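**Q** Protein chains in written order, with my numbering: chain E, 38 to 834; chain A, 38 to 834. Using N, Cα and C, we set each Cβ at its ideal position, and we do this for glycine too. All values derive from a computational prediction rather than experimental measurement.
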């Protein structure tokens with residue numbers, strides 16, 4: 038494969054548009070006669086709805102529609118369970134509007150459509166709902182407790198799912214191991230805070246019989262299929278577009294959010310476009326969240342620091358519903374072994390309902406928890422044995438010659454968990470050097486002498502990426518020589534326009550600027566899954582590559598016919614298709630595109646030259662036969678990965694802690710990352726930067742605090758702390774490349790990695806900085822207050 | 038192939054919609070903020086434009102845009118030459134708006150867009166054009182005359198093209214033949230008069246960067262490609278829709294008509310939708326016409342009536358331009374040999390410019406002329422030798438065992454003219470019996486005794502149909518089990534919805550009512566050519582068949598996986614997919630569609646059953662791999678015919694002529710038609726009925742009369758006679774089926790056949806009826822006045 042562009046630090050082609058405010062987000066869709074919607078949400082985390090009186094709201098001038106559960110007809114059906122699993126014996130999904138009971142504060146109860154949003158919100162206040170409060174399950178501990186109230190009356194013990202996996206003989210090994218420790222680790226909720234919240238615009242075109250929805254989503258095609266089924270429309274008569282999306286982070290892969298059903302329903306009922314835009318308060322109350330788990334872990338190791346066995350039993354908080362099945366805890370279970378040669382592993386989890394916002398994957402998706410547990414274990418082994426924590430990791434690493442490495446678990450896609458490739462030791466070496474690990478201890482010592490608490494931390498991870506089932510793509514060269522690519526994945530800022538163009542540019546011998554990519558439009562590419570699980574480059578990228586290869590071969594064939602040459606002698610470069618060693622026998626790629634369709638309408642100089650050539654030669658024969666893939670210089674390809682790829686990395690940081698305030702400052706941060714072959718280092722580094730920033734938020738700032746009534750106490754940016762550029766240190770990103778043997782590009786996913794090890798790293802560095810206090814961090818996220826409180830507890834003991 | 042539906046007289050599924058006025062024609066497209074256009078047309082057939090002053094029109098309140106040639110910028114380029122040919126040495130095509138010179142009365146000179154059509158037409162009257170009249174070439178004779186004025190100053194002798202073809206040794210055979218005759222045949226212009234004239238609505242959506250045009254056209258996809266090139270838009274950002282089209286007949290395949298460029302241009306300039314609808318007066322002046330030819334033919338035959346050689350030299354009137362190349366006269370040349378074993382044939386034609394409306398194919402497309410010449414020859418041979426005219430034909434027929442029959446000419450598609458199959462004698466026998474041929478002579482004799490002039494006529498033809506280059510189709514089963522078919526051809530009333538559905542229904546085991554067909558929308562199917570040349574059933578029908586076969590095989594494969602059976606044991610019937618001999622192991626076709634996409638969103642009962650089945654069995658594996666054709670129960674196929682198919686037929690009629698008035702009444706009309714395998718006899722008979730009606734118009738009523746200034750004298754339905762139901766006799770249609778070996782369905786085209794032999798038949802019957810007067814018809818069309826005039830001439834000689 039020619040690789041002029043693959044691997045090059047090509048500038049992001051989407052930036053000139055986005056940075057100049059020319060993006061089109063859902064709220065930028067402004068249609069004639071459009072109406073605006075607002076949602077009435079439950080103020081109770083758990084209550085019975087005794088009566089809803091919407092008469093006054095309906096009577097308000099300017100209000101066009103008020104929907105409550107009883108107005109939904111056959112749409113009053115629970116949302117689909119996206120990823121069923123045999124262990125999920127008590128799945129529950131949400132109704133578009135609550136009927137008899139609400140199960141979390143923020144649940145949608147009524148939907149109002151009015152001339153403008155102000156009026157719609159005024160109307161919400163006129164809706165009279167008679168609630169009877171019910172006992173609330175506000176925490177995992179409470180959900181698990183004997184005799185706890187029930188979130189769903191018909192789900193005993195609040196247990197949605199229970200899954201056990203076992204590798205080797207963990208109990209036997211633990212029973213005979215020289216060292217065995219037990220710890221509890223607690224993870225609290227945080228959530229994705231995309232700059233753009235959710236949003237839906239829906240339009241019904243009676244002329245075409247076409248429903249078009251613009252949704253800030255990561256998965257427009259599955260939504261298209263669902264809306265078609267719900268509204269009994271042919272699937273191709275529903276178009277779902279994810280235009281520019283201002284951040285997704287997993288929270289926008291979920292479906293169906295109630296608003297994604299109610300907004301199109303209103304457009305269909307009213308025959309006018311309807312817009313609903315989530316405001317920030319709603320995002321806190323009604324966009325899915327993650328991260329709540331409690332792990333009780335028992336682990337055994339020998340005198341050399343070799344980890345012998347792990348027994349991890351954890352509870353997973355799924356909130357009030359299981360819209361996304363049990364994917365998150367499965368990922369936690371499968372991620373826990375990390376880069377280590379763990380041969381005896383017991384994993385058990387229970388998924389528990391609580392009266393809180395439902396849970397679905399958020400960037401990292403169960404992995405930060407697992408990495409937190411395992412990396413805490415590694416640090417503890419080092420402490421216990423008086424070994425260097427990096428040395429402990431090295432001793433436990435799976436070695437390069439051991440790949441493919443079968444972890445022994447069933448992965449989220451139902452297949453085995455098999456690492457495809459990696460070189461963990463190389464990454465660690467790179468980190469040590471970049472971090473100045475060897476020199477640091479002296480620096481730390483001197484700082485302590487001056488009363489400053491510096492610490493160094495490290496965290497390794499392995500991340501399953503690029504799962505199936507498939508994506509597809511079409512690559513089409515048009516008569517102006519430009520290349521149009523469409524694929525079913527979406528874009529939330531990942532620079533797909535740039536990287537996908539690089540993939541194609543190499544195959545077709547064009548500049549990436551002449552490759553234009555469309556994502557997230559079910560009309561532009563009909564089939565696909567979505568952008569999540571760090572899978573776009575791996576799965577869609579591979580499909581794009583395969584389609585581009587087909588187009589290249591077709592171009593060679595067509596040009597060979599025109600030049601009466603052999604296809605093997607045709608080359609593509611600089612936008613030209615020419616006979617090797619005879620560059621005067623050349624056509625532009627656009628001319629070859631014209632020639633690929635016998636009846637392509639010919640206009641302008643480009644086409645005239647071609648027509649003269651054809652008239653001068655033999656009369657044009659019949660069209661490209663079926664065997665060549667039909668007319669047009671275009672091809673469609675699908676790619677189904679045999680199984681997921683496994684990226685990896687190690688982050689290291691030096692922090693300074695002020696024990697008096699609990700404030701932590703990053704002095705240095707190095708991320709070593711291996712996502713296989715790097716399509717564009719600028720883009721991967723950008724992904725790592727963003728991920729680390731979000732990880733720092735999840736480690737030290739972003740914690741959703743619920744009280745015992747299940748009420749969110751910090752549901753605004755006044756109270757919920759997001760790290761700003763002030764809190765994010767300069768980042769150094771280093772690449773290790775162990776190409777994946779599983780796909781034609783050798784790539785692995787890079788979207789989530791940055792986030793995954795940060796909480797573990799943070800704990801590691803804090804422990805190190807505060808070693809004089811004997812501190813051991815066993816929870817995430819922290820925040821300055823909590824850290825100060827912990828220090829106080831440790832000082833008191 | 039199962040053929041439960043293929044061949045069945047299924048009722049037209051489009052009729053309930055169309056007959057209740059629920060069709061959507063271009064004029065039914067009503068968009069918010071839409072403006073309306075009108076065209077200023079030249080009153081002169083040939084004139085220099087010295088000056089155009091549009092200031093007053095532009096100043097009229099409510100006028101948004103006035104375009105003249107100088108406003109067109111780079112669009113002021115001649116329309117493309119659609120079918121270039123080496124013999125067409127002087128092609129000329131039209132500018133969107135005339136610049137310095139107009140070449141026919143009706144040529145577009147200015148384009149006005151206003152709030153409504155009334156205002157736009159008012160504005161036309163305010164445009165002041167200073168014309169300097171130039172000498173006019175109003176007829177073929179005049180165009181060919183020595184020292185004739187020139188239509189285009191740079192085209193000597195008005196000769197656009199000159200083509201000679203020769204088979205065998207016509208001159209040698211004629212020189213030594215026992216009988217040689219010479220005759221001149223004159224064909225005058227007629228034209229397609231669809232109920233719906235032309236029309237264009239254009240909308241520019243700046244949000245999507247998408248230009249959408251609704252055009253009453255037979256070829257939206259070529260127009261899409263052309264508009265994209267003209268407006269420098271990506272091709273996929275131009276959508277052209279031919280909605281319901283109220284008749285095309287060839288006149289709507291032409292492109293580009295000026296209005297098809299100017300209307301979208303106006304929409305782009307103004308940012309508002311623009312509509313232009315052709316009124317009937319415009320249709321007479323600016324929609325392409327046909328039929329003008331003068332043949333000088335010399336032919337030789339022996340004593341047994343065997344035709345030995347033909348030498349045909351003809352002039353073809355192309356009007357002011359050659360937008361469609363020289364397809365029409367080439368077809369005339371190739372059609373002339375007809376069903377006869379003509380082994381010595383000289384064909385020469387010149388294409389001449391005249392100052393009249395440009396010429397492009399009209400139903401029959403050069404064939405009525407050729408059949409007229411050849412059938413006149415056959416009748417004359419019979420008369421000369423005192424033989425029965427049917428017997429003469431029989432003696433000359435190509436015999437069934439002689440197929441494939443190479444006529445020896447280069448066809449319109451550049452390939453050889455090879456008849457694929459036929460049985461002409463069988464058709465003639467069928468006709469004789471249906472017509473009561475044997476009994477007629479006695480009836481005729483008795484009528485003559487009572488002063489009534491009855492005549493019997495017959496005319497045979499062979500019609501090239503179903504030419505390439507290709508068409509394509511997609512067949513998609515959706516999750517509700519319905520089948521959606523899309524193809525690039527258009528529909529102007531041919532019942533494609535019905536017949537295409539029959540083709541698919543047989544393959545997928547569904548009722549044709551569950552097969553929904555979309556035609557004529559470049560967004561629904563991206564590639565294709567168009568509906569003309571009686572090619573839709575043959576070429577698009579075959580593509581649809583191939584796609585349906587692929588879908589059937591895919592359904593078998595998917596169901597086999599689910600049932601753990603062999604694909605060979607899977608059957609499709611009654612909307613179900615089941616294991617042979619185990620009908621309880623069955624899924625609906627919709628469930629198989631859901632199962633064809635691993636992430637197809639599942640909603641409702643249909644999907645739940647499937648999900649339970651999948652959960653009960655092994656976990657769903659990865660997606661359908663690329664080799665199975667990607668996700669979804671769908672497939673796309675293209676079909677390129679190796680060469681055209683050749684339909685044939687023979688029409689016979691009994692007429693009565695009133696020599697005092699020149700009126701002719703059909704007493705009986707029988708059409709025997711062979712279009713290979715018949716998909717739907719109702720539909721084929723409908724096509725024959727319509728064709729015969731149009732043929733009767735072209736034989737006896739519809740004649741465009743131009744004066745020596747090139748002005749059309751009968752440009753309204755007050756003067757241009759269209760036959761009504763009163764003039765059309767009851768028709769008896771008989772089928773002969775000689776399947777075509779060239780395509781998987783065995784079909785041949787049926788769209789134009791009805792029209793082709795009618796003028797020849799009419800002349801034959803008239804000659805027979807008026808034998809006592811010694812009349813010999815040598816022109817088409819006639820009309821009552823002209824017939825009376827001819828009788829007078831014959832009586833005077």
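1) Could you tell me whether the Cβ of residue 780 of chain A comes closer than 9 Å to any Cβ of chain E?
2) So, for residue 342 of chain A: in the same chain, excluding its five sequence neighbours on each side, which residues have a beta-carbon less than 6 Å away from its beta-carbon?
3) Is there at least one Cβ from chain A nearer than 9 Å to residue 360 of chain E's Cβ?
4) Going by C-alpha distance, which of A:772, A:318, A:693 and A:550 is nearest residue 757 of chain A?
5) For the putative contact between residue 197 of chain A and residue 369 of chain A, defined by C-beta atoms under 8 Å, what is the C-beta separation to the nearest angstrom?
6) Should residue 254 of chain A and residue 276 of chain A be called a contact, given that it needs their Cβ atoms to be closer than 9 Å?
7) Run through DSSP, which three-state label would residue 521 of chain E get?
8) Listing by chain order, which chain A residues have their CB less than 9 Å from the CB of residue 69 of chain E?
9) Answer with yes or no whether the minimum CB distance from residue 657 of chain A to chain E is below 9 Å.
10) So, does the CB of residue 743 of chain A fall closer than 9 Å to a CB anywhere in chain E?
11) Please name the residues in the segment 253–273 of chain A whose beta-carbon is closer than 7 Å to at least one beta-carbon of chain E, in chain order.
12) Let me confirm a value: residue 137 of chain A is counted as buried when at least 16 other C-beta atoms fall within 10 Å, else exposed. Which label applies?
13) Identify whether residue 549 of chain A lies in helix, strand or coil by the three-state DSSP scheme.
14) In angstroms with no decimal places, state the Cα-to-Cα distance between residue 154 of chain E and residue 74 of chain E.
15) Please name the residues in the segment 506–522 of chain E whose beta-carbon is closer than 8 Å to at least one beta-carbon of chain C, in chain order.
16) Contact check, residue 454 of chain E vs residue 786 of chain E under 8 Å by CB: the rounded distance?
17) Measuring CB to CB, does residue 746 of chain E end up less than 9 Å from residue 82 of chain E?
18) Where does residue 785 of chain A fall in DSSP's three states?
19) Quick check: the Cα distance between residue 658 of chain E and residue 595 of chain E, rounded to an integer number of angstroms?
20) I need the straight-line Cα distance from residue 358 of chain E to residue 833 of chain E, nearest angstrom please.
21) Round the Cβ separation of residue 311 of chain A and residue 229 of chain A to the nearest angstrom and send it over; I've been treating them as touching at under 8 Å.
22) Listing by chain order, which chain E residues have their CB less than 8 Å from the CB of residue 669 of chain A?
23) If the cut-off is 9 Å on Cβ atoms, which residues from the segment 667–699 of chain A count as contacting chain E, listed in chain order?
24) For residue 654 of chain E, which residues in the same chain have their Cβ closer than 7 Å to its Cβ, ignoring the five residues on either side in sequence?
25) Give a yes or no on contact between the segment 751–766 of chain A and the segment 728–742 of chain A, applying the rule of three or more CB pairs nearer than 8 Å.
26) With a Cβ-Cβ cutoff of 9 Å, do residue 493 of chain E and residue 449 of chain E count as a contact?
27) From this set, E:571, E:566, E:526 and E:521, which residue's C-alpha is nearest residue 547 of chain E's C-alpha?
28) For chain A, is any of its Cβ atoms less than 9 Å away from the one on residue 51 of chain E?
29) Tell me whether the beta-carbon of residue 335 of chain A lies closer than 9 Å to the beta-carbon of residue 203 of chain A.
30) Kindly say whether residue 634 of chain E, judged by its beta-carbon, lies nearer than 9 Å to any beta-carbon of chain A.
31) Looking only at its chain, what residues have a beta carbon closer than 8 Å to the beta carbon of residue 118 of chain A, apart from the 5 residues adjacent to it on each side?
32) Along the alpha helix (DSSP H) that carries residue 114 of chain E, what are the first and last residues, could you check?
**A** Based on what the coordinates show:
1) On the second chain, residue 780 of chain A is found 743 positions in, with the first residue counted as 1. Judged by the 9 Å Cβ criterion, residue 780 of chain A is not in contact with chain E.
2) By one-based count along the second chain, residue 342 of chain A stands at place 305. Same-chain partners within the cutoff: 418, 422, 424, 429 and 432.
3) As a first step, residue 360 of chain E must be located in the first chain, where it is residue number 323. With 9 Å as the cut-off, residue 360 of chain E does not count as an interface residue toward chain A.
4) For this step, residue 757 of chain A is matched to residue 720 along the second chain. Here the closest residue by C-alpha is A:318.
5) What you label residue 197 of chain A is simply residue 160 of the second chain in a count that begins at 1. What you label residue 369 of chain A is simply residue 332 of the second chain in a count that begins at 1. Going by Cβ atoms, the distance from residue 197 of chain A to residue 369 of chain A rounds to 15 Å, so no, they are not a contact pair.
6) Here residue 254 of chain A refers to the residue found at position 217 of the second chain. Here residue 276 of chain A refers to the residue found at position 239 of the second chain. Result no, Cβ atoms of residue 254 of chain A and residue 276 of chain A do not sit closer than 9 Å.
7) The count along the first chain starts at 1 and reaches residue 521 of chain E at position 484. In this structure, residue 521 of chain E counts as strand in the three-state DSSP scheme.
8) As a working note, residue 69 of chain E is residue 32 in the first chain. The contacting residues are 69 and 70.
9) Stepping through the second chain from its first residue, residue 657 of chain A is reached at position 620. Note on residue 657 of chain A: pLDDT 46, under 50, position unreliable in the model; the coordinate value appears next. It does: the Cβ of residue 657 of chain A has a partner Cβ on chain E nearer than 9 Å.
10) As a working mapping, residue 743 of chain A is identified with position 706 in the second chain. Judged by the 9 Å Cβ criterion, residue 743 of chain A is not in contact with chain E.
11) 259, 262, 263, 266, 267, 271, 272 and 273
12) For the purposes of this step, residue 137 of chain A is taken as the residue at position 100 of the second chain. So residue 137 of chain A ends up on the exposed side.
13) By 1-based counting over the second chain, the position of residue 549 of chain A is 512. Note: residue 549 of chain A maps to helix in three-state DSSP.
14) Locating residue 154 of chain E in the first chain gives position 117, where the first residue counts as 1. Locating residue 74 of chain E in the first chain gives position 37, where the first residue counts as 1. The alpha-carbon atoms of residue 154 of chain E and residue 74 of chain E are separated by roughly 6 Å.
15) Absence of chain C from the displayed structure is noted, the protein chains being E and A.
16) Mapped onto the first chain, residue 454 of chain E falls at position 417. Mapped onto the first chain, residue 786 of chain E falls at position 749. Not a contact, Cβ separation roughly 15 Å.
17) Residue 746 of chain E sits at position 709 when you count from the first residue of the first chain. Residue 82 of chain E sits at position 45 when you count from the first residue of the first chain. Going by C-beta atoms, residue 746 of chain E is nearer than 9 Å to residue 82 of chain E.
18) Residue mapping note: residue 785 of chain A aligns to position 748 of the second chain, counting from 1. Coil.
19) Here the question's residue 658 of chain E lines up with position 621 in the first chain. Here the question's residue 595 of chain E lines up with position 558 in the first chain. The predicted model places residue 658 of chain E with a pLDDT of 45, which falls under 50 and marks its position as unreliable; any figure quoted below should be read in that light. In a straight line, the C-alpha of residue 658 of chain E is about 12 Å away from that of residue 595 of chain E.
20) Here residue 358 of chain E refers to the residue found at position 321 of the first chain. Here residue 833 of chain E refers to the residue found at position 796 of the first chain. Their backbone Cα atoms lie some 41 Å apart in a straight line.
21) Taking the first residue of the second chain as position 1, residue 311 of chain A is located at position 274. Taking the first residue of the second chain as position 1, residue 229 of chain A is located at position 192. Rounded, the Cβ-Cβ distance is 25 Å, inconsistent with contact.
22) Numbered from 1 along the second chain, position 632 holds the residue referred to as residue 669 of chain A. Ordered by position in chain E, the residues that pass the 8 Å Cβ test against residue 669 of chain A are 563 and 564.
23) 667, 668, 669, 671, 673, 674, 675, 676, 677, 678, 679 and 680
24) On the first chain, residue 654 of chain E is found 617 positions in, with the first residue counted as 1. Reliability fails at residue 654 of chain E, whose pLDDT of 46 lies under 50, so the model's placement of it is uncertain and the value that follows must be treated cautiously. Same-chain partners within the cutoff: there are none.
25) yes
26) For this step, residue 493 of chain E is matched to residue 456 along the first chain. For this step, residue 449 of chain E is matched to residue 412 along the first chain. No.
27) Here residue 547 of chain E refers to the residue found at position 510 when the first chain is read from its first residue. Closest option to residue 547 of chain E, Cα to Cα, is E:521.
28) Translated into positions along the first chain, residue 51 of chain E becomes position 14. With 9 Å as the cut-off, residue 51 of chain E does not count as an interface residue toward chain A.
29) The sequence position of residue 335 of chain A within the second chain is 298, counting from 1. The sequence position of residue 203 of chain A within the second chain is 166, counting from 1. The answer is no: Cβ separation not under 9 Å.
30) Counting from 1 along the first chain, the entry for residue 634 of chain E is found at position 597. Taking Cβ atoms only, chain A reaches closer than 9 Å to residue 634 of chain E, which makes this a yes.
31) As a working mapping, residue 118 of chain A is identified with position 81 in the second chain. Closer than 8 Å at Cβ, skipping near neighbours: 125, 128, 130, 359, 360 and 362.
32) Counting from 1 along the first chain, the entry for residue 114 of chain E is found at position 77. Unbroken run through residue 114 of chain E: none, as it is neither H nor E.
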